[in-house]
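Top line first, the protein sequences correspond to chains A and B. Taking the numbering used here, the leading residue of the first sequence gets 96, the next gets one more, and so forth. Taking the numbering used here, the leading residue of the second sequence gets -19, the next gets one more, and so forth. The beta-carbon is built from N, C-alpha and C at its ideal position, and this holds for glycine as well. Here's the structure, in structure tokens; my notes come after.
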Amino acid sequence: MNSQFKRGIIEMCVLKIISRKDMYGFELIENISREIEVNENTIYPILRRLTKQQLFDTYKESMSIGAPRKYYTLTELGTKKLKEYEDEWKTFLDSVYRILGGTSYEK
Amino acid sequence: MKNKYLEELKDLLNNYVMEEDEKNEIIGDYDEMYKGYLGKGMRDDEVERKLGSPRSIIRELTEGFKKVEKPLPGGEKVIALSPFVALIAFFILGFGFDLWHPGWIAFMIIPIVSIIVEMGKKRDEHLSTALSPFFAVLLFLYLGFYHNLWHPGWIIFIIIPMLGVWNSRRTLTKLDLLVSLSPFLAGIAFVVLGLYGYWVEGWLVFLAIPMFGILHEKNKLKVLIWESLFIIGIVGYLYIGYTYTDMWGYAVLAFAPLTIYGIMTGNIKIGLLQAPKNYKIIIIISTAVFLLLGFIFNLWGVAWLVFLAIPVYAINSEAPRKDRLVSTTPFVALVIFFVLGYFFDLWEYSWIAFLIIPVTAIVKNA
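Structure (structure tokens):
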């Protein structure tokens, strides 16, 4: 798979996973690499880039044991971006399904 | 181990123009992730494999940041003086020792110095790649003029792309590095084997490329089957070729199990069936000419060149009109180079054919 294409998909997955539940970096990497075959060391830079683009906000949460953890949460801009990504993705998949002779991704 | 990892990461981040807070944030995040994995009972080496070595992740982390420039002391002056130094060296060698040739090589000092000073500022990892064409030319000329080894001395130019790949090794896994270098290593091995008269069977070394590539496959059984079929093919091909006279053409049949397995598993696709009509025609004609040259004239060593007609046709029918000429020149150069070398043993001159590539590009874009 084209690496740029894969990177875009991983970005969308990172946004989606965090939209469901705020997560800390290590937890996110574990979650995503369980589902997708991905080089784990590429996820943090993506997370960082998306945070710099203000798609994520971060906050610290103290733990009963050990140092506080940094959690990532989706911003309003992040929610908008995720919606855009999802719409694009559905349109793309629908086209692929049509070409392959199926009906639609939704069905 | 964790501290050493974080220190190395910090050192690498310090090479970039980045706010201190941002660097500390990255270090803090990695510290947290490292601890997280340790907390899951992982060993340090396992954690570092998960997170990636600092050198392999630094490019992604610093995307969009400029490298800190640390000018070499007096670097600009050295660049300014280099033409004079080169000229003086040239005159001394010429007037003093009657070495006008190869004294002209002194002028290479000018670009070499500029590259070292400019790329040295940023400690660019591709410094040696940028310098390699000069050293390759120097070594090539030395081997040619003093030892008459124009051929196979030209192989030294392979060092340029090889260094390019080698210097990118930090962003590659060991296997990717091996796969990326394998075409060059196979090319060298092919020429060396050819020099010893093994042009016909020498192409087998190129099979090292897919053989390494298959190691990416996660299913170990599949890897075992593929590698075994490759080995069976190679051994069978050599056995048939060496046992029976003029049977190299049929010896290719030893790769039938490999091909059949590839088609059955969908790894080898018979592109011809799906290809547009004009491509089908060009592929069939190329194959027919290849077999004709091989079976009738026993020109297996050179007949493969006809297959270059396929990419040339593709370029001329698919590429934008303005790019066609320049894109075609590497193939033309390769044909001239190989034909002159193979048939007339003019390897010492035939490499000049490759100059048509930059010359065409310059003339076209002038």
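- prompt: How is residue 107 of chain A classed by DSSP in three states: helix, strand or coil?
  reply: Secondary structure at residue 107 of chain A: helix, using DSSP grouped into helix, strand and coil.
query: How many angstroms separate the CA atom of residue 232 of chain B from the CA atom of residue 85 of chain B?
result: When rounded, the distance between both Cα atoms is 48 Å.
task: Give me the Cβ distance between residue 102 of chain B and residue 40 of chain B, rounded to the nearest whole Å; I'm assuming they're in contact under 8 Å.
output: Actually they do not touch by this definition, with Cβ atoms about 18 Å apart.
query: How long is the line joining the alpha carbons of residue 147 of chain A and residue 132 of chain A, rounded to whole angstroms?
result: Within the model, the alpha-carbon separation for residue 147 of chain A versus residue 132 of chain A is close to 25 Å.
Contacting positions in the segment -19 to 3 of chain B - beta carbon closer than 7 Å to chain A: Answer set for the segment -19 to 3 of chain B: empty.
query: What separation, rounded to the nearest whole angstrom, lies between the Cα atoms of residue 45 of chain B and residue -4 of chain B?
result: It is roughly 6 Å from the alpha-carbon of residue 45 of chain B to the alpha-carbon of residue -4 of chain B.
- prompt: residue 156 of chain A by DSSP, collapsed to three states: which one?
  reply: Strand at residue 156 of chain A.
field: Collapsed DSSP secondary structure at residue 118 of chain A in the structure displayed
entry: Secondary structure at residue 118 of chain A: strand, using DSSP grouped into helix, strand and coil.
- prompt: Is the beta carbon of residue 141 of chain A less than 8 Å from the beta carbon of residue 113 of chain A?
  reply: Contact flag unset, no.
field: Candidates B/87, B/94, B/96, B/314: closest to residue 118 of chain B by CA position
entry: Ranking B/87, B/94, B/96, B/314 by Cα distance to residue 118 of chain B puts B/87 first.
message: Please list, in chain order, the residues of the segment 34 to 53 of chain B that have any C-beta partner in chain A closer than 8 Å.
response: Hits within the stretch, in order: 36, 37, 40, 41, 43.
- request: Report yes if the CB atom of residue 285 of chain B is closer than 8 Å to the CB atom of residue 315 of chain B, and no otherwise.
  value: The answer is yes: Cβ separation under 8 Å.
- request: Consider the Cβ of residue 105 of chain B: report whether some Cβ of chain A lies at a distance smaller than 8 Å.
  value: Interface annotation, residue 105 of chain B: not in contact with chain A, CB-CB separation never under 8 Å.
message: Can you tell me where the alpha helix (DSSP H) holding residue 169 of chain A begins and where it ends?
response: For residue 169 of chain A, no alpha helix (DSSP H) run applies; the uninterrupted beta strand (DSSP E) run containing it begins and ends at 164 to 169, by DSSP.
message: Taking its Cβ as the centre, do 16 or more other Cβ atoms sit within 10 Å of residue 301 of chain B, making it buried, or is it exposed?
response: Exposed is the call here.
Residue 100 of chain A classed as buried or exposed, judged by whether at least 16 other C-beta atoms fall within 10 angstroms: Residue 100 of chain A comes out exposed.
task: Using a Cβ cut-off of 8 Å (strictly closer), state whether residue 137 of chain A contacts chain B.
output: For residue 137 of chain A, the answer is yes, since a Cβ of chain B falls inside 8 Å of its Cβ.
message: Applying the 10 Å Cβ sphere with the 16-neighbour rule, what's the burial state of residue 61 of chain B?
response: The residue is exposed, with fewer than 16 neighbouring Cβ atoms inside 10 Å.
message: Assess contact between the segment 4 to 17 of chain B and the segment -15 to -6 of chain B, defined as three or more Cβ pairs (one per stretch) separated by less than 8 Å. Is contact present?
response: A contact is defined here as three or more CB-CB pairs under 8 Å, and the segment 4 to 17 of chain B meets this definition with respect to the segment -15 to -6 of chain B.
query: Can at least three beta-carbon pairs, one atom from the segment 186 to 206 of chain B and one from the segment 219 to 232 of chain B, be found at a separation below 8 Å?
result: No contact exists between the segment 186 to 206 of chain B and the segment 219 to 232 of chain B.
query: What residues of chain B sit near residue 173 of chain A, judged by a beta carbon separation below 8 Å?
result: Simply none; closest approach about 18 Å.
- request: Would you kindly check if the distance between the Cβ of residue 166 of chain B and the Cβ of residue 136 of chain B is under 8 Å?
  value: Their beta carbons are not under 8 Å apart, which means residue 136 of chain B does not touch residue 166 of chain B by this criterion.
message: I'd like to check one pair, residue 166 of chain A with residue 153 of chain A: are the Cβ atoms closer than 8 Å?
response: Yes, the pair counts as a contact, with Cβ atoms nearer than the cut-off.
Inside the segment 44 to 122 of chain B only - alpha helix (DSSP H) runs reaching at least 4 residues: With a minimum length of 4 residues, the unbroken runs of alpha helix (DSSP H) contained wholly in the segment 44 to 122 of chain B fall at 55 to 71, 80 to 83, 89 to 101.
task: Locate the alpha helix (DSSP H) running through residue 157 of chain B, then write down its first and last residues.
output: In the DSSP annotation of this structure, the continuous segment of the alpha helix (DSSP H) that includes residue 157 of chain B starts and ends at 154 to 175.
field: residue 163 of chain B versus residue 190 of chain A - alpha carbon distance
entry: Pairing residue 163 of chain B with residue 190 of chain A, the inter-Cα distance amounts to about 37 Å.
query: Hey, residue 163 of chain A and residue 155 of chain A are a contact pair by Cβ (cut 8 Å); roughly how many whole angstroms apart?
result: That pair is a contact at about 4 Å.
message: Between the alpha carbons of residue 297 of chain B and residue 179 of chain B, how many angstroms are there, rounded?
response: Cα to Cα, the separation comes out at about 32 Å.
- request: With a threshold of 16 other CB atoms inside 10 Å of the CB of residue 57 of chain B, please say whether the residue is buried or exposed.
  value: Burial call: exposed.
message: Would you call the segment 326 to 335 of chain B in contact with the segment 118 to 132 of chain B, where contact means no fewer than 3 C-beta pairs closer than 8 Å?
response: These segments touch.
query: Taking any Cβ of chain B, which residues in the segment 151 to 185 of chain A have a Cβ under 8 Å from it, in chain order?
result: Near chain B, meaning a CB-to-CB distance below 8 Å, the residues of the segment 151 to 185 of chain A are 161, 162, 164, 165.
task: At 7 Å on the CB atoms, spell out the chain B contacts of residue 120 of chain A, in chain order.
output: Here the neighbours are 9, 12, 13.
field: Cβ distance (whole Å) where residue 135 of chain A is taken to contact residue 30 of chain B below 8 Å
entry: Contact holds; Cβ gap of about 5 Å.
message: Using a Cβ-Cβ cutoff of less than 7 Å, which residues in the same chain neighbour residue 293 of chain B once the five nearest sequence positions on both sides are dropped?
response: Setting aside the 5 residues that flank it on each side, residue 293 of chain B is surrounded in the same chain by 262, each with a C-beta closer than 7 Å to its C-beta; the list follows chain order.
message: Going by beta-carbon coordinates alone, are residue 150 of chain A and residue 123 of chain A separated by less than 8 Å?
response: The Cβ atoms of residue 150 of chain A and residue 123 of chain A do not sit closer than 8 Å to each other.
- request: Look up residue 100 of chain A in the DSSP assignment and say whether it is helix, strand or coil.
  value: Here DSSP, grouped into helix, strand and coil, assigns residue 100 of chain A to helix.
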